[in-house]
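Engineer: Reading the sequence shown from the start, the letters are residues 25 to 342 in the numbering used here.
Okay, handing you the structure first.
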Amino acid sequence: MAETLLPSDVVGLARVMPRGDVSVVAAPYGAGDARIADILVSVGDRVEKGTVLARLDNHTALAGAVLTAEANLAVREANLIQTRAAVEASRNEAKAALDQAVSTAAEAASTLARTEALASSAVSTQAALDAARAAAEGAKLSVVRAEATLTRYDAVTLDEQPDVIVASRNVDAARSELARARLDLARAEVVAPITGTILDIHVTPGQRPPTDGIMDMGDTDQMMAEVEIWQDRISAVMVGQPVELVTPALGVTLQGRVDRIGLTVGRQGLISDDAAENKDARVIQVLVVLDEASSDVAARFTNLEVIARIDTTVRANP
């Protein structure tokens with residue numbers, strides 16, 4: 025920081041943080057009494073969003089439930105294929121039975137006609153005529169029955185057949201069971217909510233996930249600073265103004281620019297070493313984005329407290 029502060033400078037306490045602040049990685053909702061089984065990352069590791077960071081001790085049992093649900097779904101799908109094939113075969117059999125019944129009825133009608141002609145010439149007996157008539161009538165009834173059977177299959181499409189509908193619903197139920205099993209399995213895995221670096225790990229295998237989170241991570245590719253500015257000085261602060269941040273812990277001055285200015289007034293959260301300072305001061309938070317070189321230095325110092333000096337002589341928003 026410059027050795028001499030200008031009257032135009034605005035100074036405030038600040039906290040170095042990753043872009044978007046620190047993300048607390050918590051146990052999945054519904055984890056219950058499960059404990060940590062494996063920690064799959066170390067402090068300093070960079071991970072992509074969705075990467076599995078840890079597993080709970082119920083993972084094996086839930087993975088087995090997924091395998092069971094997958095097998096059940098395969099059985100139900102095979103049964104659906106089998107049912108569709110059986111219904112299609114029954115339809116073909118009904119059609120063949122109708123064709124045969126029609127052929128038999130035609131033959132019986134022809135026989136009846138010949139017998140009636142012979143009977144009119146007194147060549148055939150009455151008994152033969154009665155038998156021919158009975159055979160013809162029976163053949164007609166067989167056609168009616170065959171048509172009724174075929175109509176049951178032809179009235180709706182194959183997928184609308186009752187047996188196929190039941191088998192299809194069983195497949196849907198099995199898929200729902202599998203989806204639920206996979207959702208339960210997901211609750212046994214702790215995944216990264218963002219792409220970033222593991223900053224701290226709060227548990228070891230065998231422990232229950234603490235309520236304040238399993239680990240912390242942040243996007244340290246771009247470091248920022250959260251500055252508390254007294255409400256009576258905020259009018260001089262504008263987006264784009266240069267900012268210097270210093271602390272004895274670093275030995276170097278960090279450089280950045282005002283990125284955003286808060287919209288609410290709150291109580292001071294960072295406390296200075298000055299015992300006479302008003303601890304109930306009302307402040308507005310100002311976010312500062314560090315330049316590339318300063319961001320590289322600050323990446324190892326998340327939550328480090330620094331002093332920020334904003335040069336308010338720069339008036340234009342770039």
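Cβ atoms here follow ideal geometry from the backbone N, Cα and C, with glycine treated the same way.
Give me the residue from D178, A210, A110 and L294 with the minimum Cα distance to G74.
Structural biologist: Residue 74 sits at position 50 when you count from the first residue of the sequence shown. Selected option, being the one with the closest Cα: A210.
Engineer: Express the C-alpha separation of R204 and R79 in angstroms, rounding to a whole number.
Structural biologist: Locating residue 79 in the sequence shown gives position 55, counting from the first residue. Locating residue 204 in the sequence shown gives position 180, counting from the first residue. Whole-angstrom Cα-Cα distance: 18 angstroms.
Engineer: Measure how close the beta-carbons of A317 and M247 come, nearest whole angstrom, since I'm counting them as under 8 angstroms.
Structural biologist: By one-based count along the sequence shown, residue 317 stands at place 293. By one-based count along the sequence shown, residue 247 stands at place 223. Actually they are not in contact, since the Cβ atoms of A317 and M247 sit about 11 angstroms apart, beyond 8 angstroms.
Engineer: Considering V313, what are the terminal residues of the beta strand (DSSP E) in which it resides?
Structural biologist: Within the sequence shown, the letter at position 289 stands for residue 313. From DSSP, the beta strand (DSSP E) with V313 extends over R306 to L314.
Engineer: Would you mind reading off the limits of the beta strand (DSSP E) that contains I285?
Structural biologist: For the purposes of this step, residue 285 is identified with residue 261 of the sequence shown, where counting begins at 1. I285 -> beta strand (DSSP E) spans L278 to I285.
Engineer: Can you tell me the Cα-Cα spacing of S32 and E268, whole angstroms?
Structural biologist: Here residue 32 refers to the residue found at position 8 of the sequence shown. Here residue 268 refers to the residue found at position 244 of the sequence shown. When rounded, the distance between both Cα atoms is 14 angstroms.
Engineer: Assuming D243 and R43 form a contact by the criterion Cβ under 8 angstroms, report the distance between their Cβ atoms to the nearest whole angstrom.
Structural biologist: On the sequence shown, position 219 is the one that residue 243 refers to. On the sequence shown, position 19 is the one that residue 43 refers to. Right, their Cβ atoms sit about 4 angstroms apart.
Engineer: Would Q292 pass as a contact of R281 if the rule is Cβ separation under 9 angstroms?
Structural biologist: Position 268 of the sequence shown, counting from 1, holds the residue named residue 292. Position 257 of the sequence shown, counting from 1, holds the residue named residue 281. Contact: no.
Engineer: By DSSP, does Q246 sit in helix, in strand, or in coil?
Structural biologist: Translated into positions along the sequence shown, residue 246 becomes position 222. Three-state result, Q246: strand.
Engineer: When the Cα atoms are used, what is the spatial distance from A110 to E171?
Structural biologist: In the sequence shown, counting from the first residue as 1, residue 110 sits at position 86. In the sequence shown, counting from the first residue as 1, residue 171 sits at position 147. When the Cα atoms are used, A110 and E171 turn out to be separated by approximately 19 angstroms.
Engineer: Considering Cα atoms alone, identify which of I253, A137, G88 and D320 is closest to L278.
Structural biologist: Here residue 278 corresponds to residue number 254 of the sequence shown, with the count starting at 1. Closest by alpha carbon: D320.
Engineer: Applying the criterion that 16 or more other CB atoms from any shown protein chain within 10 Å of the CB defines a buried residue, is L314 buried or exposed?
Structural biologist: Here the question's residue 314 lines up with position 290 in the sequence shown. It is buried - the Cβ of L314 has at least 16 other Cβ atoms within 10 Å.
Engineer: First and last residue of the alpha helix (DSSP H) that includes P217?
Structural biologist: Position 193 of the sequence shown, counted from the first residue, corresponds to residue 217. Note, P217: premise wrong, no alpha helix (DSSP H); not H, not E.
Engineer: If you run the structure through DSSP and keep just helix, strand and coil, what is T173?
Structural biologist: Numbered from its first residue, the sequence shown carries residue 173 at position 149. Under the three-state reduction of DSSP output, T173 falls in the helix class.
Engineer: When the cut-off is 9 angstroms and only beta carbons count, does A210 lie next to chain D?
Structural biologist: Looking for chain D here will not work: only one protein chain is present.
Engineer: Just to confirm my understanding: we take A299, look at its own chain, exclude 5 residues before and 5 after, and list those with CB closer than 7 angstroms. What are they?
Structural biologist: The count along the sequence shown starts at 1 and reaches residue 299 at position 275. Confidence at A299 is low in this model, with a pLDDT of 44, below 50, so its placement is unreliable and the value that follows should be read with caution. Same-chain partners within the cutoff: there are none.
Engineer: With E268 as the anchor, note down where its beta strand (DSSP E) starts and where it stops.
Structural biologist: For the purposes of this step, residue 268 is taken as the residue at position 244 of the sequence shown. Where E268 is concerned, the enclosing beta strand (DSSP E) stretches over P266 to V270.
Engineer: Measure the Cβ-Cβ separation of A216 and M241 and say whether it is below 9 angstroms.
Structural biologist: Stepping through the sequence shown from its first residue, residue 216 is reached at position 192. Stepping through the sequence shown from its first residue, residue 241 is reached at position 217. The answer is yes: Cβ separation under 9 angstroms.
Engineer: Opposite G290 in the DSSP bridges: which residues?
Structural biologist: What you label residue 290 is simply residue 266 of the sequence shown in a count that begins at 1. Looking at the DSSP assignment, G290 forms a beta bridge with V307.
Engineer: Between the C-alpha atoms of S134 and G162, what's the straight-line distance to the nearest angstrom?
Structural biologist: Reading the sequence shown from its first residue, position 110 is the one you call residue 134. Reading the sequence shown from its first residue, position 138 is the one you call residue 162. Taking the straight line joining both Cα atoms gives about 14 angstroms.
Engineer: Kindly indicate which three-state DSSP category A78 falls into: helix, strand or coil?
Structural biologist: To locate residue 78, count along the sequence shown from 1; it is residue 54. Three-state result, A78: strand.
Engineer: How should L122 be labelled, buried or exposed, when 16 other C-beta atoms within 10 angstroms of its C-beta is the threshold for buried?
Structural biologist: Locating residue 122 in the sequence shown gives position 98, counting from the first residue. With 16 or more other Cβ atoms within 10 Å, it is buried.
Engineer: For T107, collect the residues of the same chain with a Cβ closer than 7 angstroms to its Cβ; drop the 5 residues on either side in sequence, then sort them by chain order.
Structural biologist: What you label residue 107 is simply residue 83 of the sequence shown in a count that begins at 1. Here the set comprises D187, V188 and A191.
Engineer: Considering only the alpha carbon of each residue, which of D62, A212 and R157 lies closest to A143?
Structural biologist: To locate residue 143, count along the sequence shown from 1; it is residue 119. Considering only alpha carbons, the answer is R157.
Engineer: Report the CB separation of N82 from A58 in whole angstroms; it is logged as a contact under 8 angstroms.
Structural biologist: Reading the sequence shown from its first residue, position 58 is the one you call residue 82. Reading the sequence shown from its first residue, position 34 is the one you call residue 58. The pair is a contact, with the Cβ atoms about 5 angstroms apart (cut-off 8 angstroms).
Engineer: Let me confirm a value: T235 is counted as buried when at least 16 other C-beta atoms fall within 10 Å, else exposed. Which label applies?
Structural biologist: Position 211 of the sequence shown, counted from the first residue, corresponds to residue 235. With fewer than 16 Cβ atoms within 10 Å of its Cβ, T235 is classed as exposed.
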